[in-house]
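Right, one structure below, let's go through it.
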Amino acid sequence: MAGKFAPKRGEKLSLSSCIKMIDGYTMPRFGIGAWDMRGSECRTALLNALDKAGYRHVDTARYYRNEEACGQAVRECSVPRSEIFYTTKVYLNEMGGGSITRNAVEDSLSKSGLDYLDLVLLHAPDGGIKFRLDSWATLTELVQEGKIRSLGVSNFGPQHIRELLDSKPKVELHPFFAQKELRKACEKEGIIVQAYCPLARGRYYGNETLVKVAKETGKTEAQVMLRWLVQSGIVALPKSANPQRQVENAECLSFELSSEQMQELDALDRGDKGWIEIQSQSQHCD
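So, in structure tokens, the structure goes:
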């Protein structure tokens, strides 16, 4: 299921390749997630990703408690700030709009040491429609003030997305949990989808089809899963503190899956049975 944001057949991609969003800004097709990294480990990992591996997209959250380290890496690296796409998320206890949501964003700016945030997401849809809409209204004010450039959501379903039609949802998404209904809803509204847990924590490595396609392409199973996302027009955000793995993940941009291979991978979708987050009872996975 290749969406409207899928790259053209034969298009050469790099870590600087972007998708144009509804608001006119651009977002790199591939990035690095910072979940479960702390302090110096986080700073070092992101400095390596930005300076050596060539990443231009960093994804963090207030819940991750590492915004200081993430911001430090962005400020200290050799890449101009204007070339880095920086995402953070407002957590449930800071949603609801008004001063509590505003203060959360101000705190993110302070901790990261950045002048603006490229993308701020509402981390989950809990709390009811008024709760979500009030949160969104406050974030919209911060966009108008120049503190945030773009807005989006995380873990929202199609019904929540329709409430906020200009959002950029971030959800668990991989060949085994393809989120087809959500993607169709977003496609209809021209909304970009970001994938966390793009490798399903390695849960499906060894799958017959995955192994087959990996052998055919001469790539790893992880690279095949990531390429499936990119080629489907989805922004992939794998997490890795390992410099070699960062480079290996990014190599998914250097090859192309055939139409037949894409169809084989599309057929792996297990619906909710493939959902890793609910299986692990964790809010975040990589």
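The numbering of the sequence shown is this note's numbering, which starts it at 520 and goes up by one. Virtual Cβ for every residue (Gly too), placed ideally from N, Cα, C. As the structure is a computational prediction, the values presented were derived from the model and not from experiment.
First and last residue of the uninterrupted alpha helix (DSSP H) at residue i
i	result
residue 589	586-595
residue 649	648-663
residue 767	762-769
residue 603	First-last for residue 603: undefined, no H or E at that position.
residue 776	Here residue 776 belongs to no alpha helix (DSSP H), and DSSP marks it neither H nor E.
residue 558	558-567
residue 677	677-680
Those residues which DSSP pairs with residue i across a bridge
i	result
residue 712	Residue 712 is not bridged to any residue.
residue 539	545
residue 690	714
residue 695	According to DSSP, residue 695 bridges with nothing at all.
residue 551	577
residue 609	641
Length of the line joining the Cα atoms of residue i and residue j
i	j	result
residue 657	residue 730	47 Å
residue 544	residue 739	32 Å
residue 799	residue 697	Because the pLDDT at residue 799 is just 46, under 50, the model does not fix this residue reliably, and the value given afterwards should be weighed accordingly. Their backbone Cα atoms lie some 18 Å apart in a straight line.
residue 574	residue 693	21 Å
residue 604	residue 790	31 Å
residue 750	residue 643	26 Å
residue 626	residue 613	11 Å
residue 559	residue 647	38 Å
residue 666	residue 757	26 Å
residue 775	residue 736	8 Å
residue 599	residue 641	27 Å
residue 531	residue 650	42 Å
residue 570	residue 593	10 Å
residue 526	residue 781	13 Å
residue 662	residue 609	14 Å
residue 719	residue 690	12 Å
residue 734	residue 778	16 Å
residue 620	residue 547	26 Å
residue 748	residue 624	30 Å
residue 701	residue 785	15 Å
residue 601	residue 591	15 Å
residue 636	residue 668	6 Å
Host beta strand (DSSP E) of residue i (start-end)
i	result
residue 753	That residue, residue 753, is in no beta strand (DSSP E); it is neither H nor E in DSSP.
residue 730	From DSSP, residue 730 is part of no beta strand (DSSP E) but of the alpha helix (DSSP H) over 727-736.
residue 628	From DSSP, residue 628 is part of no beta strand (DSSP E) but of the alpha helix (DSSP H) over 617-631.
residue 578	576-578
residue 636	636-641
residue 669	667-673
For residue j and residue i, believed in contact at Cβ under 8 Å, the rounded distance
i	j	result
residue 723	residue 695	5 Å
residue 579	residue 606	7 Å
residue 682	residue 652	7 Å
residue 549	residue 534	6 Å
residue 586	residue 630	4 Å
residue 670	residue 726	So it is not a contact: roughly 36 Å between Cβ atoms.
residue 589	residue 561	6 Å
residue 688	residue 712	6 Å
residue 529	residue 752	With 8 Å as the limit, residue 529 and residue 752 do not qualify as a contact, their Cβ atoms being about 15 Å apart.
Min CB distance residue i to chain D below 9 Å
i	result
residue 563	Checking the listed chains, one finds no chain D in this structure; it contains a single protein chain.
Note to self: Under 8 Å, with one C-beta from each stretch per pair, do the stretch 705-714 and the stretch 758-778 reach the 3-pair mark?
What the structure shows: no
Check: Do the stretch 741-749 and the stretch 552-571 make contact, defined as three or more Cβ pairs closer than 8 Å?
Finding: no
Next item on the list: Say whether the stretch 654-669 touches the stretch 613-623, bearing in mind that this needs 3 or more beta-carbon pairs closer than 8 Å, one atom from each stretch.
Entry: Cβ pair count under 8 Å is three or more, so yes.
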